[in-house]
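In the numbering used here, the protein residues as written are 238 to 598. In this text, a Cβ means the ideal position worked out from N, Cα and C, and glycines have one as well. Please read the structure below before turning to the comments.
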Amino acid sequence: MTPADLSRTVLHAVRRAVDENALHAPVPARVRVERTRPGGSGDYACAVALQLAGDAGMPALEVARILRERVAAEPGIGRVEITGPGFLSFTLDAPGDSDRAVLDAVREQGSAYGHGGALRDEVLQFHHAREVRAAVTADAVRRLVVSQGARVRISCEEAGEAEWGLLGVTVDAYGTPPATPSAPLTPIRPVPAGATAGELLERLGADATRWGLLRPASHDRAPLGDELLVQGEANPLFRVRYAHARARALSRGAAALGFTSESDAAPAPYEGPARPLLDLLADHPRVLLAAARHRAPDRVARQLEAVAHAFFDFHDCCSPLPSGDEKPSAAHRSRLALAEAAGTVLAGGLSLLGISAPAHL
Numbered sequence: 238m239t240p241a242d243l244s245r246t247v248l249h250a251v252r253r254a255v256d257e258n259a260l261h262a263p264v265p266a267r268v269r270v271e272r273t274r275p276g277g278s279g280d281y282a283c284a285v286a287l288q289l290a291g292d293a294g295m296p297a298l299e300v301a302r303i304l305r306e307r308v309a310a311e312p313g314i315g316r317v318e319i320t321g322p323g324f325l326s327f328t329l330d331a332p333g334d335s336d337r338a339v340l341d342a343v344r345e346q347g348s349a350y351g352h353g354g355a356l357r358d359e360v361l362q363f364h365h366a367r368e369v370r371a372a373v374t375a376d377a378v379r380r381l382v383v384s385q386g387a388r389v390r391i392s393c394e395e396a397g398e399a400e401w402g403l404l405g406v407t408v409d410a411y412g413t414p415p416a417t418p419s420a421p422l423t424p425i426r427p428v429p430a431g432a433t434a435g436e437l438l439e440r441l442g443a444d445a446t447r448w449g450l451l452r453p454a455s456h457d458r459a460p461l462g463d464e465l466l467v468q469g470e471a472n473p474l475f476r477v478r479y480a481h482a483r484a485r486a487l488s489r490g491a492a493a494l495g496f497t498s499e500s501d502a503a504p505a506p507y508e509g510p511a512r513p514l515l516d517l518l519a520d521h522p523r524v525l526l527a528a529a530r531h532r533a534p535d536r537v538a539r540q541l542e543a544v545a546h547a548f549f550d551f552h553d554c555c556s557p558l559p560s561g562d563e564k565p566s567a568a569h570r571s572r573l574a575l576a577e578a579a580g581t582v583l584a585g586g587l588s589l590l591g592i593s594a595p596a597h598l
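Next comes the structure, spelled out in structure tokens:
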């Protein structure tokens with residue numbers, strides 16, 4: 238069970254409690270679960286009972302007891318405890334099961350890992366000015382909300398530059414369309430780039446231009462200097478793409494040595510530098526949904542930077558490939574599985590930003 242699975246399980250328990258009149262409170266849009274902090278109980282913890290107590294008119298401990306009854310019997314849950322003023326603490330069935338579930342989900346879903354249907358009932362209409370950063374941001378937001386199941390239409394105040402197409406931007410309509418009850422008009426208004434698409438493409442190329450426009454929050458100015466082209470770790474875009482390329486190189490190296498990451502055996506425990514990387518991969522679906530809800534592609538860029546940083550920390554300490562006369566072992570297969578999952582998440586995240594992920598750099 239992944240953190241996203243656990244979050245959905247708790248949310249389902251809240252809905253059941255409300256439907257059964259055991260709890261009188263609005264059902265939240267989502268429930269946040271976090272890995273238990275040092276000294277805490279269980280694998281994950283959740284504060285949803287404290288969140289609902291006020292609206293329910295009940296003590297948080299009583300809300301927690303109502304929810305515990307409905308979560309404890311779910312598959313994958315070993316034990317549910319109530320701690321502190323009303324926190325729910327979850328212990329999964331077996332150590333390592335949730336880790337394997339994350340890696341299996343990434344392998345099965347590929348670059349679509351983290352996509353979902355949370356916004357499937359939403360019909361959205363975004364509108365932006367005739368300006369390159371607004372156009373690229375609207376395009377990235379479209380990709381994000383579509384990945385979560387929404388239907389989207391984008392309009393622009395007037396016809397844009399021909400070069401927008403080279404940045405992967407498409408516009409459905411020009412002019413200001415009327416808002417409708419099913420699709421109210423939502424403006425996309427980042428701080429303007431101060432340059433045209435043609436100027437940016439000529440100087441930076443499509444990938445660096447899109448990263449430069451999307452990485453800062455929309456209310457911040459977009460730095461668009463030549464540092465976006467630096468082939469070194471000081472450039473976050475290079476670091477993210479190089480981490481992806483390195484993960485793909487590890488797969489090629491393993492194939493040359495005659496082994497793969499796929500195995501029916503339980504993976505070796507992921508501890509030390511592997512744990513932060515695995516936690517980031519497990520959290521990736523939540524980050525994508527939050528980025529879609531808040532119309533904030535910069536959140537995806539920051540997530541990819543964090544994954545790349547954790548990947549290199551892991552890679553430098555725990556090589557997925559044997560060295561010298563060493564034979565491939567279960568530990569190497571487990572490390573390779575984690576490295577490949579990181580590469581898949583990086584490629585999928587870059588795709589949502591409209592940026593390519595080369596297998597060689």
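Do residue i and residue j have their CB atoms nearer than 8 Å?
| i | j | result |
| --- | --- | --- |
| Thr446 | Leu404 | yes |
| Asp457 | Pro510 | no |
| Leu487 | Leu541 | no |
| Leu461 | Leu438 | no |
| Pro534 | Val378 | yes |
| Arg307 | Ala254 | yes |
| His521 | Tyr281 | no |
| Ala480 | Ala579 | yes |
| Arg478 | Ala594 | yes |
| Leu525 | Ser384 | yes |
| Ala372 | Gly397 | yes |
| Pro565 | Leu494 | yes |
| Thr413 | His365 | no |
| Val317 | Phe324 | no |
| His552 | Ala576 | yes |
| Asp247 | Leu287 | Going by the sequence as given, residue 247 is Val instead of Asp. In this structure, Leu287 does not lie closer than 8 Å to Val247 by Cβ. |
| Arg252 | Val264 | yes |
Which residue or residues does DSSP assign as beta-bridge partners of residue i?
| i | result |
| --- | --- |
| Val270 | Cys283 |
| Glu318 | Ser326 |
| Ile391 | Phe363 |
| Tyr411 | Cys393 |
| Thr497 | DSSP output for Thr497 lists no bridge partner at all. |
Could you check where the alpha helix (DSSP H) with residue i kicks off and where it finishes?
| i | result |
| --- | --- |
| Gln540 | Pro534 to Cys554 |
| Val477 | Pro473 to Ala493 |
| Thr246 | Pro240 to Asp256 |
| Leu515 | Ala511 to Arg530 |
| Val383 | Val369 to Ser384 |
| Ser571 | Ala567 to Leu589 |
| Arg307 | Ala297 to Val308 |
| Ala434 | Ala434 to Leu441 |
From residue i to residue j, what distance separates their C-alpha atoms?
| i | j | result |
| --- | --- | --- |
| Leu465 | Ala459 | 11 Å |
| Leu329 | Gly279 | 8 Å |
| Ala599 | His352 | Lying before the first or after the last residue shown, residue 599 is absent from the chain, which here runs from 238 to 598. |
| Ala519 | Val544 | 11 Å |
| Arg370 | Trp448 | 11 Å |
| Ala399 | Val408 | 12 Å |
| Arg440 | Arg483 | 27 Å |
| Leu243 | Ala250 | 11 Å |
| Ala297 | Leu260 | 11 Å |
| Ala355 | Val389 | 14 Å |
| Val360 | Leu517 | 30 Å |
| Gln362 | Thr423 | 6 Å |
| Glu368 | Glu395 | 10 Å |
| Gly435 | Gly442 | 10 Å |
| Ala290 | Ala262 | 8 Å |
| Val285 | Arg512 | 25 Å |
| Val268 | Thr581 | 26 Å |
Within 10 Å of its beta-carbon, does residue i have 16 or more other beta-carbons around it, so buried, or fewer, so exposed?
| i | result |
| --- | --- |
| Pro240 | buried |
| His597 | exposed |
| Tyr411 | exposed |
| Ser571 | buried |
| Pro557 | buried |
| Cys393 | buried |
| Gly602 | No information on residue 602 is available, as it lies outside the stretch 238 to 598 that the chain covers here. |
| Arg274 | exposed |
| Ser560 | exposed |
| Thr417 | exposed |
| Cys283 | buried |
| Arg357 | exposed |
| Ala266 | exposed |
| Asp376 | buried |
| Ser602 | Here the chain comprises residues numbered 238 to 598, so residue 602 is not present and cannot be evaluated. |
| Asp644 | Outside the modelled stretch of the chain, which goes from 238 to 598, sits residue 644, for which no answer is possible. |
| His569 | buried |
| Cys554 | exposed |
| Gly585 | buried |
| Val467 | exposed |
| Asp463 | exposed |
| Ser419 | exposed |
How is the beta strand (DSSP E) around residue i delimited, first residue to last?
| i | result |
| --- | --- |
| Thr423 | Leu422 to Ile425 |
When you measure from the CB of residue i to every non-hydrogen atom of the ligand ATP, does any distance come out below 7 Å?
| i | result |
| --- | --- |
| Leu304 | By its list of ligands, the structure shown contains no ligand whatsoever, and the ligand ATP lies outside what it can speak to. |
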